[in-house]
Amino acid sequence: MNVLILSHHFYPFIGGLEEVAFQQARHLAMNGHDVNVITSNISNELEELPKEEEIDGVKIYRISAMNFLYKNFDIPQPVFNIFELRNKLNNLIKTADVVHIHDRHYMTSFMGSLMAKKHKKPVVLTLHTPRVKYGNKLYNFLFQLNEMISSYSIKKADAILSLGSEVHDYILERFGRESEIVWNGVDIDTFSPVSEYEKIKLRADMKLPEEKFIALFVGRLTFKKGADLLVEVAKNLRDHEDVEIIVVGDGPRRKLIEKNIKNNDINNIKLIGNVVDKRILSKFYRSADILLFTSRGGEAAAPLVLLEAMASSLPIVALRTGPYADLISKGKGYAVSTINEMSDKIIYLSGEADLMNELSLKCRKYAEKYSWSKNVDELLEIYSNLTK
Numbered sequence: 001m002n003v004l005i006l007s008h009h010f011y012p013f014i015g016g017l018e019e020v021a022f023q024q025a026r027h028l029a030m031n032g033h034d035v036n037v038i039t040s041n042i043s044n045e046l047e048e049l050p051k052e053e054e055i056d057g058v059k060i061y062r063i064s065a066m067n068f069l070y071k072n073f074d075i076p077q078p079v080f081n082i083f084e085l086r087n088k089l090n091n092l093i094k095t096a097d098v099v100h101i102h103d104r105h106y107m108t109s110f111m112g113s114l115m116a117k118k119h120k121k122p123v124v125l126t127l128h129t130p131r132v133k134y135g136n137k138l139y140n141f142l143f144q145l146n147e148m149i150s151s152y153s154i155k156k157a158d159a160i161l162s163l164g165s166e167v168h169d170y171i172l173e174r175f176g177r178e179s180e181i182v183w184n185g186v187d188i189d190t191f192s193p194v195s196e197y198e199k200i201k202l203r204a205d206m207k208l209p210e211e212k213f214i215a216l217f218v219g220r221l222t223f224k225k226g227a228d229l230l231v232e233v234a235k236n237l238r239d240h241e242d243v244e245i246i247v248v249g250d251g252p253r254r255k256l257i258e259k260n261i262k263n264n265d266i267n268n269i270k271l272i273g274n275v276v277d278k279r280i281l282s283k284f285y286r287s288a289d290i291l292l293f294t295s296r297g298g299e300a301a302a303p304l305v306l307l308e309a310m311a312s313s314l315p316i317v318a319l320r321t322g323p324y325a326d327l328i329s330k331g332k333g334y335a336v337s338t339i340n341e342m343s344d345k346i347i348y349l350s351g352e353a354d355l356m357n358e359l360s361l362k363c364r365k366y367a368e369k370y371s372w373s374k375n376v377d378e379l380l381e382i383y384s385n386l387t388k
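Quick note on numbering: UniProt numbering labels position 155 of the sequence shown as 155, and the sequence is numbered without any gaps.
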């Protein structure tokens, strides 16, 4: 089968949607399918990405795009060269059996849907997020404007996949379209736990505090991800010298976070920056004691970072802002309502070794039910039904 995947960002860009698109693409290629990806040429770093390359059997075509909306306004919306995007789509869509579009908000979504209908190709649309609520009236207005444009992709899709019930319900209410609920996969081999002895050795190798209780955050430093709230958590934990927050990720809020850390004279939080290599990222999970999830909402029911943490046997403490709260509460961590509650829960867990062991075992057991191979098997069944 020839599959054309459209994603506004793609590997090596770091993000949950981007990782899902990459893992699905590479597992499709591993199963012998022809996989082409159209994406932007934007990465998290400053390096220039090749216009075309092949990774793990996946052919990637990168379109020129500007990233000023993300850098300056925290809006992850690449501005594509529309003529280059149209020409590449026109060339690749002719031989595609199915077009798989990741999310509805982007130029790749609109143009992909438009060109697929022109060439009479079936479209699968994966919706990763429900409504996103910003703390800014202008941003909320722009999101609603974007939803009006997004309605074209949703109406024209032949199959819609929603990552969780909240996304499903929102799309049904807002756009009147039914969708199939699906779940992300996780690499349970790369993300796996280690013994206490190995954890201490890992911490020494990575220059992390060997004796402290480490609370890990993994994600982009954006308003939506609530990265700035980590400073408030760190302030609450000032008097608990046995706890340290490790932050893996980068983004437009980094300078603000660094400024707040400096102004408040905080020394119990460390910013690592981006980690692209999954083998290195897995070491951070293995070195930590718990995962912090401070998202302000608009996430999938099972965000990838939560599955990676659970596969690594990390209990989770998360703000109760999305459908994942129920998942976490079922013996795999705690969903809390405020930053103060989050801080209190970190302190509590740091002194409860037996409870931590119990939560860790439940997390790993849950994650083992998911794998990318199972995820792609479901995809192939959907593709096949559309191409009969």
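C-beta atoms are modelled at their ideal positions from N, C-alpha and C, and glycine is treated no differently. What you are looking at is a predicted structure, and each value in this text was computed from that prediction instead of being measured.
- DSSP, reduced to helix, strand and coil, places Glu358 within a helical segment of the structure shown.
- When the five nearest sequence neighbours on each side are left out, no beta carbon in the same chain lies closer than 8 Å to the beta carbon of Glu352.
- Ranked by how close their Cα comes to the Cα of Val58, the residues Ser40, Arg296, Lys199 and Gln24 have Gln24 in first place.
- Judged by DSSP in its simplified three-state form, Asp56 adopts coil rather than helix or strand.
- Per DSSP, Phe10 lies in no beta strand (DSSP E) and is assigned neither H nor E.
- Taking the CA atoms as reference points, Leu92 sits about 8 Å from Asn36.
- As a beta-bridge residue in DSSP terms, His100 pairs with Ile5 and Val124.
- Contact check for Phe293 against Val247 fails: the beta carbons are separated by 8 Å or more.
- One Cα belongs to Lys262, the other to Val231, and the distance between them is close to 10 Å.
- Residue range Met107 to Lys118 is occupied by the alpha helix (DSSP H) that includes Thr108.
- Here Ile316 is buried. Its C-beta has 16 or more other C-beta atoms within 10 Å.
- Separation of the CB atoms of Ser287 and Arg203 is rounded to 5 Å, and the pair is thereby assigned contact status at 8 Å.
- Membership of Thr387 in the alpha helix (DSSP H) is indicated by the continuous run Trp372 to Thr387.
- Contact between Ile272 and Ala234 does not hold, since their C-beta atoms are separated by about 15 Å, which reaches or exceeds 8 Å.
- In this structure, Gly164 sits away from Ser371, with a CB-CB distance that is not shorter than 8 Å.
- Remark: C-beta atoms of Ala157 and Leu125 approach each other more closely than 8 Å.
- Segment contact: the region 44-52 against the region 65-80, fewer than three CB-CB distances shorter than 8 Å; contact not assigned.
- It is roughly 13 Å from the alpha-carbon of Ala227 to the alpha-carbon of Lys270.
- Around the beta carbon of Thr222, 16 or more other beta carbons sit within 10 angstroms, so the residue counts as buried.
- A Cβ-Cβ contact shorter than 8 Å links Glu244 with Asn268.
- In this structure, the CA atom of Ile328 is about 45 Å from the CA atom of Phe83.
- Ranking Pro122, Leu142, Gly219 and Pro193 by CA distance to the CA of Ile160 puts Pro122 first.
- When His168, Asp242, Lys225 and Asp239 are compared, the shortest CA-CA separation from Gly251 is found for Lys225.
- Within its own chain, the residues whose Cβ lies closer than 6 Å to the Cβ of Asp289, once the five positions on either side in sequence are excluded, are Phe213 and Ile214, listed in chain order.
- Secondary structure within the region 257-344: the alpha helix (DSSP H) runs of 4 or more consecutive residues, fully enclosed, are 278-287, 304-311 and 324-329 (chain order).
- If one requires a minimum length of 4 residues, the alpha helix (DSSP H) runs lying completely within the region 186-213 are 196-205, in chain order.
- Judged by DSSP secondary structure, Leu229 falls within the alpha helix (DSSP H) whose first and last residues are Leu229 to Asn236.
- Sorting Val79, Arg220 and His240 by C-alpha distance to the C-alpha of Ile257 places Arg220 at the top.
- For Thr387, the number of other beta carbons within 10 angstroms of its own is below 16, and it is reported as exposed.
- Around the CB of Arg104, 16 or more other CB atoms lie within 10 Å, so the residue is classed as buried.
- Linking Gly249 to Ser151 through their CA atoms gives a straight-line distance of about 32 Å.
- According to the DSSP secondary-structure assignment, Ser40 is paired through a beta bridge with Ile63.
- In the displayed model, Glu241 falls within coil according to three-state DSSP, outside both helix and strand.
- Just so you know, the alpha carbons of Leu229 and Ile280 end up roughly 25 Å apart.
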